[in-house]
Structure formats: C-alpha cells, structure tokens
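A.B. asks: Numbering (UniProt numbering), first residue to last: 1 to 231. A virtual CB, placed ideally from N, CA and C, is assigned to each residue, including glycine. Structure incoming, see below.
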C-alpha cells in the first residue's frame, strides 16, 4: 500500500463530529481519516448536530457514530449531551461517543440510562492515546461500549452505591471496572495477568450476583454497570 493516502480498514465507519473548537474538530477528523474512516460532517454546536443527523437520515445516509463534546454553544453547559440523548432516542442504531474535559457523573449517568448499545463517554485527554480513541469510536459505532477508566472509577466508587456491589469480591469489582471500559475477556485477562478461563468465571459470578440472566444476551456486560448506576 502506498503511503500517500489514508489507510483502508475493514471496520471502516462513518462519523459525524460535533465540537465547537475548530482546532480539536479538525484534529479528530485527521485522526480518523488517516486511519481509513469517513468523517461525513463536522459541526460546532448542538443545533447543527441535530440538523445534520436529521438531514443525513432523510437521505438514508445516517452515520455509524456521532462524536460530540458534552458542552457546546451557546451556554457551554450540557447542550452536547442533551443532543446525544435526543439522538439516541430518535435513532436507536446510532452510536454516540461523548467527550468531556472532566468526569461529570450526572451526564454520564444520563447517557447510560437509555439503551445499552452503542454508547461511550471519554475524557478529552484520552484523545491523545490515538489508538485507544480510534478503537473506542469503532467499538461504539459497532454497538459496543467505551467508558473512560476515570469515569468508571468515579461511578463505581460512590459510597451511596456500595450496597449494590457489596456481594462482589475485590477481584470481581476490578473485572467489572474493566468490563465497563469496553474490554473483552481476553483483554481483561492480559491486563490482570490471568487466564481467559479465570476471567470468564469472574464475569459469570458478576452476572449471577447482579441478577443478570442469560436471557439478557450480549448486553449483560453493559447491564452489569447499568444495574449499579440505576439502583
């Protein structure tokens, strides 16, 4: 392959970026396009994001994922996450990955309170870890989950929620945190330096203790975190 063009990848996804900082928006666009993904639009506020997605949907060209800043004009408070929640309700198949300067538990909880498919919440500092950021965008676009480790740490560490996880062992809590970051069993095994079978046993115990039955299907990994958040 020549070095003059973007890399072509098998898991190529179509992305809309909503970020009021032109410099960051262009940087995100470059990160994704250089790795073979399509950035079909870039906008600077929530209203433009809603209009863009509505227009693309009307043409039958809905993107795979939206990457949006939590805070955007005009008030720079919660316009981005409000738009994200609205878009998830209107288009259940649309992945949404929000970026935030800080861990804001209320916004993370609100975003995670709906469907468990195709959702992510990352701190902006994580963008500097290019491979992890791009992997997160692809994972969310494909219906998975991507939660920043700092977000997970704060959400799982709130004292008023400890009773929900009281039945988990320290190792199971650690595994749950890594699950919530969107890691596979194999990735968790590598992180903890244990066998895949050991991780599978921990995961099964977590599901059992949180009352998540096999009928919940593939979403049990996310529901394990949502059970905690919504209790």
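Just tell me which of 24, 55, 12 and 141 has its CA closest to the CA of residue 95.
C.D. replies: Indexing the chain shown from 1 puts residue 95 at position 95. Out of 24, 55, 12 and 141, 141 has the C-alpha closest to the C-alpha of residue 95.
A.B. asks: Between the stretch 78-88 and the stretch 37-57, can you find at least three pairs of beta-carbon atoms closer than 8 Å?
C.D. replies: Yes: at least three Cβ pairs fall under 8 Å.
A.B. asks: Report the partner residues of residue 186 according to the DSSP bridge assignment.
C.D. replies: Along the chain shown, one-based indexing puts residue 186 at 186. DSSP lists no partner for residue 186.
A.B. asks: Between the stretch 24-33 and the stretch 51-65, are three or more C-beta pairs nearer than 8 Å?
C.D. replies: The answer is no - the stretch 51-65 does not touch the stretch 24-33, with fewer than three Cβ pairs under 8 Å.
A.B. asks: What does a CB cutoff of less than 8 Å around residue 187 pick up in its chain, not counting 5 residues either side in sequence?
C.D. replies: As a position in the chain shown, residue 187 is number 187, starting the count at 1. Same-chain partners within the cutoff: 178.
A.B. asks: Where DSSP assigns a beta bridge to residue 198, which residues make up the other side?
C.D. replies: Residue mapping note: residue 198 aligns to position 198 of the chain shown, counting from 1. The partner list for residue 198 (beta bridge, DSSP) is empty, contrary to what the question assumes.
A.B. asks: Fully enclosed by the stretch 82-152, which beta strand (DSSP E) runs are 3 residues long or longer?
C.D. replies: Listed in chain order, they are 95-100, 119-123 and 145-147.
A.B. asks: Identify which residue in 63, 89, 36 and 132 has its Cα closest to the Cα of residue 110.
C.D. replies: Translated into positions along the chain shown, residue 110 becomes position 110. Selected option, being the one with the closest Cα: 89.
A.B. asks: Across which residues does DSSP place residue 42 in a beta bridge pair?
C.D. replies: Locating residue 42 in the chain shown gives position 42, counting from the first residue. DSSP lists 17 as partners of residue 42.
A.B. asks: Less than 9 Å between the beta carbons of residue 203 and residue 150, yes or no?
C.D. replies: Position 203 of the chain shown holds residue 203. Position 150 of the chain shown holds residue 150. No, they are not a contact pair.
A.B. asks: Helix, strand or coil, according to DSSP, for residue 68 in the structure here?
C.D. replies: By 1-based counting over the chain shown, the position of residue 68 is 68. Three-state result, residue 68: strand.
A.B. asks: Considering only their Cβ atoms, is the gap separating residue 59 from residue 37 smaller than 9 Å?
C.D. replies: Position 37 of the chain shown holds residue 37. Position 59 of the chain shown holds residue 59. Against a cut-off of 9 Å, the Cβ pair of residue 59 and residue 37 comes out as no contact.
A.B. asks: Thinking residue 65 and residue 137 are a contact (beta carbons under 8 Å), I'd like their distance in whole angstroms, please.
C.D. replies: For the purposes of this step, residue 65 is identified with residue 65 of the chain shown, where counting begins at 1. For the purposes of this step, residue 137 is identified with residue 137 of the chain shown, where counting begins at 1. Right, the Cβ-Cβ distance comes to about 6 Å (below 8 Å), so this counts as a contact.
A.B. asks: Using 9 Å as the limit for Cβ to Cβ distance, is residue 174 near chain B?
C.D. replies: Within the model displayed, chain B is absent; a lone protein chain is all it includes.
A.B. asks: Tell me which residues share the same chain as residue 29 and place their Cβ nearer than 7 Å to its Cβ, disregarding the 5 neighbours each side in the sequence.
C.D. replies: One-based indexing of the chain shown puts residue 29 at position 29. Only 17, 39 and 42 meet the Cβ criterion.
A.B. asks: Can you give me the C-alpha to C-alpha distance between residue 176 and residue 57, rounded to a whole angstrom?
C.D. replies: On the chain shown, residue 176 is found 176 positions in, with the first residue counted as 1. On the chain shown, residue 57 is found 57 positions in, with the first residue counted as 1. Taking the straight line joining both Cα atoms gives about 36 Å.
A.B. asks: Taking 7 Å as the limit between beta carbons, can you name the residues of its chain near residue 195, skipping five residues before and five after?
C.D. replies: Looking up residue 195 in the chain shown gives position 195. Correct list, in chain order: 189.
A.B. asks: Below 8 Å on the Cβ atoms is my contact criterion, and I expect residue 145 with residue 120 to pass it. Report the Cβ-Cβ distance as a whole number of Å.
C.D. replies: Here residue 145 corresponds to residue number 145 of the chain shown, with the count starting at 1. Here residue 120 corresponds to residue number 120 of the chain shown, with the count starting at 1. Going by Cβ atoms, the distance from residue 145 to residue 120 rounds to 7 Å, so yes, they are a contact pair.
A.B. asks: Helix, strand or coil: how does DSSP classify residue 170 here?
C.D. replies: Here residue 170 corresponds to residue number 170 of the chain shown, with the count starting at 1. Three-state DSSP puts residue 170 in a helix.
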